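Student: In this note's numbering, the protein residues as written are 100 to 363. Once you've had a glance at the structure underneath, I'll fire off some questions.
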Amino acid sequence: MRVNQIMSSPVVTLDKDQPLANAIDLMQRNEISRLVALQAGKIVGMITEKDIAREMGSSTAYRLPPERIHVSNVMTHNPITVAPEVMVKRAAEIMLDHDISGLPVVEGEHLAGIVTKLDFAKVCSGYEDVYVGQVMQASPTTVSPGDRVVHARRLLLDEDLVGLPVTEGGELVGVVTMRDVAMKLAAFQEVVPDRYKIERIRNLLVGDIMSQPATTTRTDTRLSNVSRLMLERRFSTLPVLNLEGELVGLLTKTELTQVARERL
Numbered sequence: 100m101r102v103n104q105i106m107s108s109p110v111v112t113l114d115k116d117q118p119l120a121n122a123i124d125l126m127q128r129n130e131i132s133r134l135v136a137l138q139a140g141k142i143v144g145m146i147t148e149k150d151i152a153r154e155m156g157s158s159t160a161y162r163l164p165p166e167r168i169h170v171s172n173v174m175t176h177n178p179i180t181v182a183p184e185v186m187v188k189r190a191a192e193i194m195l196d197h198d199i200s201g202l203p204v205v206e207g208e209h210l211a212g213i214v215t216k217l218d219f220a221k222v223c224s225g226y227e228d229v230y231v232g233q234v235m236q237a238s239p240t241t242v243s244p245g246d247r248v249v250h251a252r253r254l255l256l257d258e259d260l261v262g263l264p265v266t267e268g269g270e271l272v273g274v275v276t277m278r279d280v281a282m283k284l285a286a287f288q289e290v291v292p293d294r295y296k297i298e299r300i301r302n303l304l305v306g307d308i309m310s311q312p313a314t315t316t317r318t319d320t321r322l323s324n325v326s327r328l329m330l331e332r333r334f335s336t337l338p339v340l341n342l343e344g345e346l347v348g349l350l351t352k353t354e355l356t357q358v359a360r361e362r363l
């Protein structure tokens, strides 16, 4: 199987000199996690929700709102690219080896598409003999509704996580993802007056931004079924429950990528 069989096309792009606010708007309107940045029509960078979450919690963001920060100041420069005929297994290896979640697909000088970790759900949707409990992250890091968003952001960045289950009294009450953190912090930067910005953002709680109730899967669910759900709903993270309804794991687009690498 080759990359051009699972890649997404056309690719949403923007100029590297556009304000970060434009990138955020494009991501939200297109329900995507990354954008390819161009200069004179050539690929010069990639900007992701992770980049935005990192920037929106920085000291720069406390001084400047997203419309005054350029994409070029936040993006990853000179991203790794692949050709359409590259094998899907190789694309998965590149992402996992380099800790990245997307690869622009380039044919000659033409941007033909993009392949992301979520695209590997298309591969995993054919694996009827694999169950969620076999491939999930066990004992995931969690946060509570009363934890501060800046704490959740730090966990997501430092531990290289896609999302965090939110628990209270031992019960799953929601989930908070990199997208939730990035977009909510950006929204706060836009509307909160400068003199209140630091205090308001530091006191923003996980319970204010989490998705609830959380969509979940179970250890005995076929990976094929949950892959189709993740692809259809654009889920990057799903808490995993055991047969007793207890939180025991997390399934993310990274696990789908790992399965694709191992099985292809």
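Quick reminder that beta carbons are idealized off the backbone N, C-alpha and C, glycines included. Quick caveat, the model's predicted, so the values are computed rather than measured.
Any beta carbon from chain D within less than 8 Å of L337's own beta carbon?
Tutor: Annotation note: the requested chain D is absent from the structure, which comprises a single protein chain.
Student: With burial defined as no fewer than 16 other Cβ atoms inside 10 Å of the residue's Cβ, what is the status of I213: buried or exposed?
Tutor: By the neighbour-count rule (16 or more Cβ atoms within 10 Å), I213 is buried.
Student: Our contact map puts P264 next to L195 with C-beta atoms below 8 Å; I'd like the distance itself, whole angstroms only.
Tutor: Going by Cβ atoms, the distance from P264 to L195 rounds to 23 Å, so no, they are not a contact pair.
Student: Ends of the beta strand (DSSP E) at R133?
Tutor: It spans 133-138 - the beta strand (DSSP E) in which R133 sits, taken as one unbroken run.
Student: Do the CB positions of V339 and M309 come within less than 8 Å of each other?
Tutor: Result no, Cβ atoms of V339 and M309 do not sit closer than 8 Å.
Student: What three-state label does DSSP hand M174 in the structure shown?
Tutor: In the structure shown, M174 sits in coil (DSSP, three-state: anything other than H, G, I, E or B).
Student: For L342 and V325, which I take to be in contact (beta-carbon distance under 8 Å), what is that distance rounded to the nearest angstrom?
Tutor: The pair is not a contact, with the Cβ atoms about 16 Å apart (cut-off 8 Å).
Student: If you draw a straight line from the C-alpha of G140 to the C-alpha of L134, how long is it?
Tutor: One C-alpha to the other measures close to 14 Å.
Student: Select from V204, N172, H197, N302 the residue whose C-alpha is nearest the C-alpha of M186.
Tutor: With distances taken between Cα atoms, M186 lies closest to V204.
Student: Just the Cα atoms here: how many angstroms apart are I151 and Q236?
Tutor: The alpha-carbon atoms of I151 and Q236 are separated by roughly 25 Å.
Student: From the DSSP output, which residues share a beta bridge with T266?
Tutor: Beta-bridge pairing links T266 to L271.
Student: Where does P203 sit, in a helix, a strand or coil, going by DSSP?
Tutor: Strand at P203.
Student: Quick one: complete alpha helix (DSSP H) runs, 4+ long, within the segment 211-266?
Tutor: DSSP runs (the alpha helix (DSSP H)) wholly in the segment 211-266: 220-223, 231-234, 248-257.
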